[in-house]
Amino acid sequence: MMTRISPLACAFALVALCSACDTSRPPAAESSVAQPDSGFQYVADRFADLQVLRYQVPGFETLTAQQKELLYYLSEAALSGRDIIWDQNYRHNLRIRKVLERLVSDYQGDRNAEAYQQLLTYAKRVWFSNGIHHHYSTRKMMPAFSYDFFAEAVRSLPADQLPLQPGETVDDLLALLQPILFDPAVDVKRVNKDEGVDLISGSANNYYGEGLTQREVEGFYDRFIKKAEENAPSYGLNSRLVKEGNQLIEQQYRIGGLYSEAITHIVSWLEKAVEVAENDQQRQALTKLIAYYQTGDLRQFDEYNILWVADTASRIDVVNGFIEVYGDPLGYRGAYESVVSFKDLEATKRIKAIGDQAQWFEDHSPILEQHKKKQVQGISGKVITVVMEAGDAAPSTPIGINLPNARWIRQQYGSKSVSLGNIVEAYDHVSAAGSSLEAFAASPEEVQRAREYGILAGQLHTDMHEVIGHASGQVEPGVGTPQETLKNYASTLEEARADLVALYYLLDQKLVDIGVMPSLEVGKAEYDRYIRNGLMQQLNRLEPGENLEEDHMRNRQLVAGWAFEEGKADKVIERVERDGKTYFVVRNYERLRDIFGQELREIQRIISQGDAHAARALVERYGVKVDQALLVEVKERYASLNTAPYSGFIQPKLTPVTNAAGEITDVTISYPDDFVQQMLDYGRDYAFLPIVND
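FYI, in mature numbering (1 follows the signal peptide of the UniProt record, and there is no 0) the residues of the sequence shown are -20 to -1, 1 to 674.
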């Protein structure tokens, strides 16, 4: 599981657009040996509803030559799988990307003309989203330029520079792309969770072959689930399901299987990484990851995860694989992603203090006794410094990660929870100039509390969400996994559950007692922010007429909206209209904490008992429909603030230094500042898959 953020959410989660990177940072962060460069330029580009940022990697220079070489190999492995996420997101994405790359590189017309500038903006949006569907809403992004301009521009390019299939002409290519790009009714949503819609045939992602229906897919996996033994693998995680004749067949992602060309390169770099691993434990884990990619055997992936969780000694770490299932409306198939990092030794002290108390938090949770873990296993918490992100983790990035996702591994062997420290630092810095706090906070007292405690509140929420939230609770004996029982509502409720764990304990004296926050005012600042965001500010990400599609957005509105309704009679949260503007004000923090505890208990019950009817009712009632009048108001208020609802990052560049024998003696790091150029470079250097993958 992962926690994502944007400049808008940064205003919420870290008081990002709420306040500056101020002195309310926790002591561990203040005392960190490696400090970022204060003159670093974080903002690189701004277009549409997006801004592109840069992040620093403080402490890289202090690593050993061997550690830097390991990071280089892992980063190259990460980037080698970039094509995979493009193809997973949509079957025509790779072809479209290659056309856009050629147009941006080689267009000979007037580059200052409005149509070309619209084309450039569209290309940047597609690069940012790893495809033609918006990275967050998953709706297809429509070009502002005309088909006639596009066709003329494509025809101006040499045919041998275009992604043509054997026997295909430029006109054939244009005929294929015209409805895909310009017809708003074609392949509208990458992930379609609308009630009453066939989740498979109604979604444009490429996890399933054409012609498949939701009933067929559910029937296929029901057979596996009914026969599944204890500790069964995550069926479907690393494959595409297709129909051949009357048979359904899984096309596995592996060497010799689907995406073999890219996976071969991933494995080649991982093999180099094994040679410079920090210790035997890390070497064994990477070797098992290679075996998984070679065979496609999900049991090998489980064995890798067990080894990976056990390795808490290594400074260097990597997430690499088919991990998160948000892109599959049924939650079976994992998107390719990789995050390469090293541990921030000083900042980790805060998150470790939380992880060390995991059993206390479980024992004192408001959930039913039968849903509590009697023995919480090996939760490893740390703050990491990111070096490279790829696949589903870039350009839009999580700020927190808790893995592995397999519940039986988490229960028996534990999990790793990480906060992406330098990513959060970049958001904090950029947010300093933001002004949404004053625009949406209801009082000077709320503003002051946010400025004093907001950044720490956001950090602690992420830590508690990842370290304690995702690791807590258990299903009842004989009940399937949430993916099996709750289906398309599972991810929303899992994120809500983890948020509620964080919210419940952020107003608990325990966090003061263990030294991670100075007072309960930190919790109050987070309650203010969460309610503002969940009921109001996150609506800026939508267009008028839209409802909530993305699981994290659904979760936040569900939690906040349900709390608002539960406490309405007592005005626990009050909706205030002032000067034509809407505000949501928390009037009773202790009562709100009680409500959060009640919500947590019920959502854990739904998950633990596999209550699909209650899951559907809860999400559809609170997590989907939005107040359209309020949405319009929020967008009007944001229009004057000049802030982008979403952001992502340009990745650093690692360059090996070699001696006369060609051996790597050092690795240097630099920070590119041109998003377009990095996308063109990646398209040239890491384009390993054909345009059609069957």
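Glycine is no exception: its CB is placed at the ideal position from the N, C-alpha and C atoms.
{"query": "Span of the alpha helix (DSSP H), counted from its first residue to its last, around Y102", "result": "E94 to S109"}
{"query": "Host alpha helix (DSSP H) of A370 (start-end)", "result": "Segment I359 to G371 is the beta strand (DSSP E) holding A370; no alpha helix (DSSP H) there."}
{"query": "Coil, strand or helix - E446 by DSSP", "result": "helix"}
{"query": "Close Cβ partners of T275 (< 7 Å) along its chain, the five nearest in sequence each way excluded", "result": "R234"}
{"query": "Span of the alpha helix (DSSP H) around P462", "result": "P462 to T465"}
{"query": "Rounded separation between D591 and A451 - CA only", "result": "20 Å"}
{"query": "Bridge partner(s) assigned by DSSP for M(-19)", "result": "I381"}
{"query": "C-beta contact flag for R536 and L348 at 9 Å", "result": "no"}
{"query": "Nearest to N402 (by Cα), restricted to the options V637, M497, N92 and K323", "result": "K323"}
{"query": "Run of the beta strand (DSSP E) containing F564, from where it starts to where it stops", "result": "K561 to V566"}
{"query": "Burial state of V496 (16 or more Cβ within 10 Å)", "result": "buried"}
{"query": "Residues that DSSP places opposite F302 in a beta bridge", "result": "Y316"}
{"query": "Bridge partner(s) assigned by DSSP for E230", "result": "L221"}
{"query": "Identity of the residues DSSP links to H532 by a beta bridge", "result": "In DSSP, H532 forms no bridge with anything."}
{"query": "Assigned secondary structure, H245 (DSSP; H/G/I helix, E/B strand, else coil)", "result": "helix"}
{"query": "Same chain, Cβ closer than 6 Å to G335, neighbours up to 5 away in sequence not counted", "result": "I359, G361 and V447"}
{"query": "Cβ-based burial, K548 [other Cβ within 10 Å; buried from 16]", "result": "exposed"}
{"query": "Three-way DSSP call (helix, strand, coil) for E557 in this model", "result": "strand"}
{"query": "Within 9 Å, strictly: CB atoms of F629 and A406", "result": "yes"}
{"query": "Boundaries of the beta strand (DSSP E) in which D25 is found, first to last residue", "result": "V23 to F27"}
{"query": "For L250 and L269, believed in contact at Cβ under 8 Å, the rounded distance", "result": "6 Å"}
{"query": "Cβ pair residue 701, V37 closer than 9 Å", "result": "This structure cannot settle anything about residue 701, because the visible part of the chain is limited to -20 through 674."}
{"query": "From K551, E570 and L480, residue whose alpha carbon lies closest to that of L538", "result": "L480"}
{"query": "Inter-residue Cα distance where the pair is E41 and R77", "result": "35 Å"}
{"query": "Where the alpha helix (DSSP H) containing L269 begins and where it ends", "result": "D260 to T275"}
{"query": "D665 burial status per 10 Å Cβ neighbour count (16 or more: buried)", "result": "exposed"}
{"query": "Neighbour-count burial assignment, H593, 16 or more Cβ in a 10 Å radius", "result": "exposed"}
{"query": "Rounded straight-line distance, which links the Cα of N513 to that of A505", "result": "12 Å"}
{"query": "Pair within 9 Å by beta-carbon distance, P462 and E474", "result": "yes"}
{"query": "Where K353 falls: helix, strand or coil (DSSP)", "result": "coil"}
{"query": "Whether V398 touches V427 by CB criterion (9 Å)", "result": "no"}
{"query": "For N285 and M(-20), believed in contact at Cβ under 8 Å, the rounded distance", "result": "Incorrect: roughly 14 Å between the Cβ atoms, too far for contact."}
{"query": "Whole-Å CB distance - E317 paired with I303, under 8 Å assumed", "result": "5 Å"}
{"query": "Beta-carbon gap between V168 and A184 smaller than 9 Å", "result": "yes"}
{"query": "First through last residue of the beta strand (DSSP E) which encompasses F20", "result": "From DSSP, F20 is part of no beta strand (DSSP E); its letter is neither H nor E."}
{"query": "Host alpha helix (DSSP H) of Q489 (start-end)", "result": "Q489 to D493"}
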